[in-house]
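Protein chains in written order, with the numbering used here: chain U, 175 to 481; chain Z, 175 to 481; chain G, 175 to 481; chain A, 175 to 481.
Glycine included, every Cβ here is placed at the ideal spot set by N, Cα and C.
In this text, all values refer to a predicted model and were calculated from it rather than measured experimentally.
Put into structure tokens, the structure is as follows:
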């Protein structure tokens with residue numbers, strides 16, 4: 175579970191979206207070994223505090239002996255004043271059930287740093303959704319190894335950091351990036367960032383990193399997926415959003431989508447079609463991450479879809 | 175809620191599918207006005223009885239003042255011997271919360287009557303899935319206004335009733351059908367049955383009726399949807415499974431799907447493409463109905479998808 | 175056939191996209207009564223001129239007695255100098271076969287006016303794609319009945335005209351719009367323009383008008399489709415791009431797409447999901463129109479897809 | 175190009191389907207180096223013979239110096255009596271243009287052998303579509319390494335050959351199969367046949383072999399794709415129909431499709447969902463192969479979709 179990132183839940187969707195602008199919507203996310211009494215323990219704590227449960231998604235990885243993942247949104251009048259009380263009620267059971275858990279107001283916004291190189295479609299899509307209120311987050315920084323998109327980003331009132339990355343000075347560049355990020359962001363979004371982050375960077379950044387890969391993984395992991403898709407003659411091309419791990423393109427998959435193509439589509443056209451899939455898949459992954467809908471079990475994700 | 179049909183839950187899917195062959199998987203379905211304490215009341219009843227909750231889907235139609243719909247599958251050792259105890263625990267709270275509810279072993283199979291005319295694709299698809307073990311139901315009868323498919327159905331060991339329907343003797347035919355059905359089936363599946371059932375029939379049959387319509391309703395309600403889709407030049411054709419009501423093609427929608435078509439597709443080809451959509455959409459609707467995943471709120475459905 | 179709009183073909187996709195930056199790619203579009211000798215007549219004219227045919231899409235509305243629609247892209251060395259010759263070769267057969275036809279260099283760009291109100295997603299998507307080189311067009315103007323998006327549009331270097339539309343002075347406003355458009359644009363794109371254009375406007379503007387409607391027409395024609403989709407409980411929502419005609423939401427459909435939704439999605443969330451469908455469907459329709467891939471037969475379109 | 179299989183075109187779809195029952199619909203398929211004069215040469219031969227071209231699909235693998243693939247359906251009165259004349263007209267140009275070509279009446283039916291093991295869904299789907307007239311082919315034999323499906327196949331009036339395949343006697347079994355097939359079928363369809371065919375078998379059978387693989391290749395090539403899809407946590411599962419080659423799961427892809435799944439789907443459920451994708455993708459591939467819509471260029475296919 176990626177709960178230790180310090181990330182805070184933000185606005186929900188659907189029913190909860192209505193409530194999300196209100197101060198009194200809370201969100202509980204937890205993971206623990208599955209045991210018979212656990213749901214009753216959790217639900218009764220919420221009920222005793224007067225919470226009205228709006229959504230209550232749960233998944234157990236096995237009928238018996240599995241691990242339980244749970245996410246709930248609830249209404250509790252005067253939530254800001256009641257949070258301490260509710261948290262102490264949860265603490266009563268957390269140790270017994272060996273829970274990892276987090277309970278926060280839905281109004282709390284996650285802070286993100288967006289990494290980008292020169293392709294702007296995934297970045298622009300996030301900025302635009304953020305401005306129109308679809309993505310309840312604070313953008314701490316856009317970080318790029320190129321200066322090209324500075325003016326574009328400035329128009330959104332977001333700070334832009336150009337940090338060159340050269341083979342000789344990669345460690346130095348990563349240190350520069352870490353100085354900007356550590357302790358200041360809740361997650362990092364790689365919006366077609368064309369540099370490979372080192373294992374050390376991922377270990378030290380202390381926050382989940384979401385990447386968008388331009389193929390339906392595990393097919394065409396690695397470089398030039400559209401060229402290879404064309405060479406292999408596939409009839410569908412796709413994109414995959416996943417958490418970055420040290421094993422390139424092997425991290426837990428959050429979301430994927432595909433579109434049909436024909437023999438007529440050359441790599442240039444696949445690239446154009448692919449941009450639409452990439453930005454949509456990426457935005458969904460960020461959206462769900464922001465709302466704490468994505469929980470990680472081993473190398474897979476549990477995603478409690480909003481709609 | 176269509177809970178009064180006497181229909182019983184059968185096999186689940188995913189995790190619950192594993193358990194479904196076991197005697198000790200139970201299923202609870204309920205609907206009631208949403209109130210803060212309700213989930214705690216239900217979950218604690220299940221916990222007190224020793225049940226281990228596998229799935230727990232719930233939906234409230236509004237953040238406050240809505241109606242709650244809930245479906246849970248759970249493991250309870252020696253379920254057949256424990257059912258009475260568990261039901262009486264539920265009865266303790268059912269009246270206070272004004273619940274409609276049903277609690278049954280997942281091994282109980284719903285009984286169905288399938289109506290068909292001459293197009294056999296939806297019927298055969300159900301029969302194949304049933305024989306292969308995908309659909310945990312007992313087929314009480316196949317009823318047709320034509321004799322054409324008798325041998326086909328006989329090969330599956332299912333009784334076939336040919337009941338002619340003429341304009342002059344429609345009431346008589348429906349009476350004949352009702353004699354076969356009332357009290358003997360839990361639901362009726364209209365597998366491209368080309369006769370309109372009267373309001374009186376629907377009122378008297380006392381069981382939900384699932385219909386498949388060959389368009390993406392509400393577009394092209396009524397007759398000849400593929401011809402009209404062609405005339406209107408749509409780029410997608412579809413099918414809709416819904417509960418039949420007295421208002422033709424207006425009942426609650428259970429499932430829909432579409433496929434892309436081009437200008438090249440004439441009505442004959444749309445019909446061919448449409449058959450694949452129809453049978454798949456219909457089979458999903460029946461599958462979900464069998465597992466009590468489809469709850470009706472006003473003229474809409476809540477569908478707790480299996481996978 | 176919308177060939178009389180004076181619109182000129184621009185860049186193609188796929189193979190032709192490669193060639194489209196070259197001066198020597200030409201495009202022929204024609205419609206006429208289908209007769210046995212016609213393809214031979216056309217192909218031999220192209221061959222006699224030395225053209226190398228890259229794509230040759232054709233469709234006849236009936237095996238015999240139908241109407242033929244044809245679109246071809248070809249390579250012809252020194253095309254600009256050869257156009258007159260090629261056109262006179264076509265004229266030799268055009269009258270005999272009763273053809274409507276157009277033959278132009280693929281480098282010629284159509285001029286568009288984009289109409290918008292306050293929702294910016296369809297507009298921005300077009301502007302992004304245009305700036306990135308996906309849409310080979312010249313944007314003559316953005317016209318809006320609100321001043322809100324002026325700065326946004328200015329950042330793209332595109333002129334913005336704010337023309338208020340009030341019930342009392344609608345005719346005056348339309349006259350103002352016509353003054354801007356007539357003879358200066360090849361087509362108009364309504365990017366969620368929330369005013370109904372009069373039949374007189376459509377008659378006088380002298381160019382095709384592409385509209386995006388936020389439902390899978392013919393379902394939910396008219397106002398508030400997402401609210402009505404929610405009320406009807408559909409499981410798919412969609413969008414439709416079509417040529418505007420005097421009959422509101424009844425014009426020839428160019429493109430449609432849908433996405434799956436569940437009972438959890440309220441009208442607000444359907445609207446959010448719908449925005450992604452709208453902008454994608456709209457951009458595809460504009461893209462295909464720009465490349466002369468969309469031909470109109472009665473109230474339907476023939477779309478020669480690029481990929 | 176797989177034109178040397180001796181396979182004959184059968185019924186078309188859409189417009190051509192209407193004509194396909196008529197004796198006077200012909201089909202021309204060809205491949206050759208792309209040169210400027212070629213289309214004119216072909217079209218004028220057809221026109222000179224009096225043929226009315228209904229469809230005329232072509233694709234060149236490069237704007238210059240590519241290879242041309244072409245497929246056309248046409249009406250020619252008294253076709254059976256005119257075939258020799260038309261073929262000799264084609265022969266006039268075939269050598270000059272270095273063409274591989276085939277010209278046949280659309281009424282000629284390809285002969286197929288279907289291989290199957292124990293999973294019956296792909297087999298039944300083909301048999302059912304064949305019986306209802308969707309697939310215009312003659313089924314020469316169903317061949318299985320198990321006796322299980324004999325009665326099922328017999329009900330369709332199709333001969334069933336049970337040929338056991340043991341590790342010790344695989345060569346012998348393949349010889350037995352070849353005795354049944356060589357010279358008697360135009361193609362082989364592997365409907366979830368769970369044995370690997372040897373390179374020698376593929377070389378000697380002298381007919382294209384279509385296989386259905388239960389993943390979206392190239393992801394999860396090899397064994398147990400649904401288990402591996404579950405372990406990798408993909409959000410889409412799929413199936414791929416391809417021509418079998420000596421390199422397992424590496425042959426030219428004809429068709430692919432996918433469906434969305436969630437974390438809830440265990441391998442058993444993925445298998446169930448996958449069956450629907452497999453049978454649909456497989457049936458499409460067979461359908462298009464029957465109508466000579468699938469042409470092979472290097473390791474990719476050109477598919478001229480029907481609708």
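Compute the Euclidean distance between the alpha carbons of residue i and residue j, then round it to the nearest angstrom.
i: residue 213(U); j: residue 217(Z); result: 7 Å
i: residue 404(A); j: residue 447(U); result: 28 Å
i: residue 482(G); j: residue 428(Z); result: Any property of residue 482(G) remains undetermined from this structure, which presents chain G solely from 175 to 481.
i: residue 239(U); j: residue 267(U); result: 19 Å
i: residue 223(G); j: residue 215(A); result: 14 Å
i: residue 289(A); j: residue 439(G); result: 46 Å
i: residue 481(Z); j: residue 357(Z); result: 32 Å
Take residue i and list the residues in its own chain whose beta-carbon comes closer than 8 Å to its own, dropping the five residues that flank it on each side.
i: residue 309(G); result: 300, 303, 457, 460, 461, 464
i: residue 241(A); result: 205, 206, 207, 208, 234, 235, 471
i: residue 340(Z); result: 347
i: residue 437(Z); result: 407
i: residue 410(A); result: 390, 432, 433, 434, 435
Whose CA, out of the options, lies closest to the CA of residue i?
i: residue 286(A); options: 280(A), 335(A), 355(A), 320(A); result: 355(A)
i: residue 474(U); options: 431(A), 408(A), 247(A); result: 408(A)
i: residue 261(U); options: 469(U), 294(U), 278(U), 230(U); result: 278(U)
i: residue 419(A); options: 334(A), 449(A), 210(A), 376(A); result: 376(A)
i: residue 363(U); options: 291(U), 329(U), 374(U), 397(U); result: 291(U)
i: residue 319(U); options: 200(U), 476(U), 365(U); result: 365(U)
i: residue 298(G); options: 325(G), 272(G), 281(G), 202(G); result: 325(G)
i: residue 415(U); options: 367(U), 444(U), 323(U); result: 367(U)
i: residue 385(G); options: 349(G), 379(G), 413(G), 257(G); result: 413(G)
i: residue 378(U); options: 370(U), 351(U), 392(U), 398(U); result: 351(U)
Sorted by chain position, which residues of the same chain lie with C-beta nearer than 6 Å to residue i's C-beta, five sequence neighbours on each side aside?
i: residue 402(A); result: 394
i: residue 311(A); result: 283, 284, 286, 464
i: residue 251(G); result: 198
i: residue 383(Z); result: 362, 418
If residue i and residue j are in contact, beta carbons under 8 Å, what's the gap, nearest whole angstrom?
i: residue 387(A); j: residue 423(A); result: 6 Å
i: residue 478(G); j: residue 231(G); result: 4 Å
i: residue 449(U); j: residue 295(U); result: 5 Å
i: residue 400(U); j: residue 333(U); result: With a Cβ gap of about 32 Å, residue 400(U) and residue 333(U) do not count as contacting.
i: residue 221(A); j: residue 221(G); result: That pair is no contact at about 13 Å.
i: residue 225(A); j: residue 249(A); result: 7 Å
Tell me which same chain residues have a C-beta within less than 7 Å of the C-beta of residue i, skipping the five on either side of it?
i: residue 306(G); result: none
i: residue 265(U); result: none
i: residue 330(A); result: 301, 305
i: residue 359(G); result: 285, 286, 287, 314, 381
i: residue 426(U); result: 416, 417, 470, 473, 474, 475
Does the beta carbon of residue i fall short of 8 Å from some heavy atom of the ligand SAH?
i: residue 425(Z); result: What this structure holds is no ligand at all, so the ligand SAH is not there to describe.
Q: May I ask you to list, following chain order, the residues of the segment 343-366 of chain G that have a beta carbon less than 7 Å from some beta carbon of chain A?
A: Close to chain A, meaning a Cβ-Cβ distance shorter than 7 Å, is no residue of the segment 343-366 of chain G at all.
**Q.** Contact set between the segment 426-450 of chain G and chain U, restricted to residues whose Cβ is under 7 Å from the partner
**A.** Against chain U - using a Cβ distance shorter than 7 Å - the residues of the segment 426-450 of chain G are 435, 436, 438, 439, 440, 442, 443, 446, 447, 450.
Q: Check each residue of the segment 453-465 of chain U: if its Cβ is closer than 9 Å to any Cβ of chain G, include it; give the result in chain order.
A: Interface annotation for the segment 453-465 of chain U against chain G: 454, 457, criterion Cβ-Cβ distance under 9 Å.
Q. Looking at chain A, which residues of the segment 282-315 of chain Z have a Cβ within less than 7 Å of any of its Cβ atoms?
A. Within the segment 282-315 of chain Z, the qualifying residues are 298, 302, 308.
**Q.** Chain-ordered residues of the segment 389-420 of chain G with a beta carbon less than 9 Å from chain U
**A.** For the segment 389-420 of chain G, which is checked against every Cβ of chain U, not one residue is closer than 9 Å.
Q: Could you name the residues of the segment 209-243 of chain A whose beta carbon sits closer than 8 Å to any beta carbon of chain U, in the order they occur along the chain?
A: Residues of the segment 209-243 of chain A with a C-beta less than 8 Å from any C-beta of chain U: 233, listed in chain order.
Q. Along the segment 246-257 of chain Z, what residues have a CB closer than 8 Å to any CB found in chain U?
A. Of all residues in the segment 246-257 of chain Z, the ones placed with a Cβ closer than 8 Å to any Cβ belonging to chain U are 249, in chain order.
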